[in-house]
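Reading through the structure tokens given below for one structure.
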Amino acid sequence: MHFEYHVEGGNFSQAGFTSSQVKKTLKQLNVDGDVIRRTVIALYEAEVNIVAHAYKGKIAVDIDPEKISILLDDEGPGIPDIQKAMEVGYSTATPQVREMGFGAGMGLSNMKNNSDRLDIDSVVGKGTRVMIINYFNPTR
Amino acid sequence: MAATNNLVNLEKIAQLLDGQIITDAGNPDRIIEGAFASDLMSDVLTLPTKHLLLLTGLVNIQAIRTAEMSDIDCIVFVRNKKVTVEMTNLANETGIAIIHSPFSMYKASGILYQAGIKPVY
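Residue numbers (my numbering), protein chains in the order written: chain Z, 1 to 140; chain R, 141 to 261.
Here it is, written out as structure tokens:
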């Protein structure tokens, strides 16, 4: 199964729409509840990051019998130092993002904690590409 | 003494907090065992526990989205902060109960703790 969604930078009222759709789909597929929760938390963090930092983004979701793979591709400022961005407490979020209850510098590390595999590539001035993979068999 | 043996449902929580359930989605008989109080949604998203009650003063659509992703059953908005129609609709769609309470986060937390609702940490 393949789904694609578009995310608009700065549109906080829509942030989380894709994560919500993916949650519904995984529920319909009877995926384990803990796997669903980890997946949508990682995805939601990433989706909020696009809204908070990028101009626009695309989310491609692929589901096969073994796993869910999510590719988030944004056009935005990029991340100059990914290692630094992974540190808890480091944030470049605007006051508007903080007013929404985010921007505490916890997002990337929480994405890592909720993914079986997380890859982040970024080009400053162009954008960021995030790949999240979670396997459906929790014992893996 | 804390009444740790009594199961506390949403209806009882609304009563204890002098509040009301404003959504149709949550079953008033739903039992709540644990709670977390925060205005920082980033922190809520790191919690290891499901089916919690969230006490917050942060009134925006992302509070509902955060609850949806975290499998939180109920949100208590403290200090009489009113939610928007958009927020109520999303909560109803996603099966999350919303309670309005006039109490402060501190007071509401204390009352629920005393009623036997467990903390996450």
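A virtual CB, placed ideally from N, CA and C, is assigned to each residue, including glycine.
The structure displayed is predicted, hence computed values, not measured ones.
Residue environment, residue i, which counts as buried when at least 16 other CB atoms sit within 10 Å
{"i": "E45/Z", "result": "buried"}
{"i": "V260/R", "result": "exposed"}
{"i": "I70/Z", "result": "buried"}
{"i": "Q202/R", "result": "buried"}
{"i": "Q28/Z", "result": "exposed"}
Inter-residue spacing [alpha-carbon to alpha-carbon] between residue i and residue j
{"i": "T128/Z", "j": "M209/R", "result": "23 Å"}
{"i": "R205/R", "j": "E8/Z", "result": "17 Å"}
{"i": "H6/Z", "j": "D213/R", "result": "28 Å"}
{"i": "K24/Z", "j": "S241/R", "result": "30 Å"}
{"i": "K152/R", "j": "R38/Z", "result": "31 Å"}
{"i": "H2/Z", "j": "Y135/Z", "result": "16 Å"}
{"i": "E66/Z", "j": "V31/Z", "result": "10 Å"}
{"i": "P168/R", "j": "I236/R", "result": "11 Å"}
{"i": "S20/Z", "j": "I120/Z", "result": "22 Å"}
{"i": "D74/Z", "j": "H53/Z", "result": "9 Å"}
{"i": "S141/Z", "j": "Q83/Z", "result": "No statement about residue 141/Z is possible, as the shown extent of chain Z runs from 1 to 140 and does not include it."}
Cβ separation of residue i and residue j, assumed to be a contact under 8 Å, to the nearest whole Å
{"i": "N146/R", "j": "I171/R", "result": "Incorrect: roughly 10 Å between the Cβ atoms, too far for contact."}
{"i": "I215/R", "j": "L156/R", "result": "Incorrect: roughly 16 Å between the Cβ atoms, too far for contact."}
{"i": "V48/Z", "j": "G10/Z", "result": "Not quite, the Cβ-Cβ distance comes to about 12 Å (not below 8 Å), so this is no contact."}
{"i": "L180/R", "j": "G101/Z", "result": "6 Å"}
{"i": "A85/Z", "j": "L108/Z", "result": "6 Å"}
{"i": "G105/Z", "j": "Y90/Z", "result": "5 Å"}
{"i": "A42/Z", "j": "M131/Z", "result": "The Cβ separation is near 11 Å, so there is no contact."}
{"i": "G197/R", "j": "K221/R", "result": "6 Å"}
{"i": "G78/Z", "j": "G125/Z", "result": "6 Å"}
N- and C-terminal bounds of the alpha helix (DSSP H) containing residue i
{"i": "A154/R", "result": "150 to 156"}
{"i": "I204/R", "result": "201 to 209"}
{"i": "H53/Z", "result": "33 to 53"}
Interface partners of residue i on chain Z, CB under 8 Å
{"i": "R205/R", "result": "A15, G16, S19, S20, Y44"}
{"i": "Q202/R", "result": "F12, A15, G16, V48, M100, G101, F102"}
{"i": "D179/R", "result": "G101"}
Proximal residues of chain R, C-beta to C-beta of residue i below 7 Å
{"i": "V40/Z", "result": "M209"}
{"i": "G78/Z", "result": "Within 7 Å Cβ-Cβ: nothing; G78/Z doesn't reach chain R, min ~21 Å."}
{"i": "G107/Z", "result": "S182"}
Chain-ordered neighbours of residue i on chain R, where CB pairs are closer than 9 Å
{"i": "N110/Z", "result": "S182, L185, T186"}
Listed by chain order, chain Z residues near residue i by CB distance under 9 Å
{"i": "L198/R", "result": "E99, M100, G101"}
Residue i: contacting residues in chain R (beta-carbon distance under 8 Å)
{"i": "R37/Z", "result": "K190, M209, S210, D211"}
Residue range of the unbroken beta strand (DSSP E) whose run includes residue i
{"i": "A175/R", "result": "174 to 177"}
CB contact check: residue i to chain C, cutoff 8 Å
{"i": "P80/Z", "result": "You won't find chain C in this structure, because its protein chains are Z and R."}
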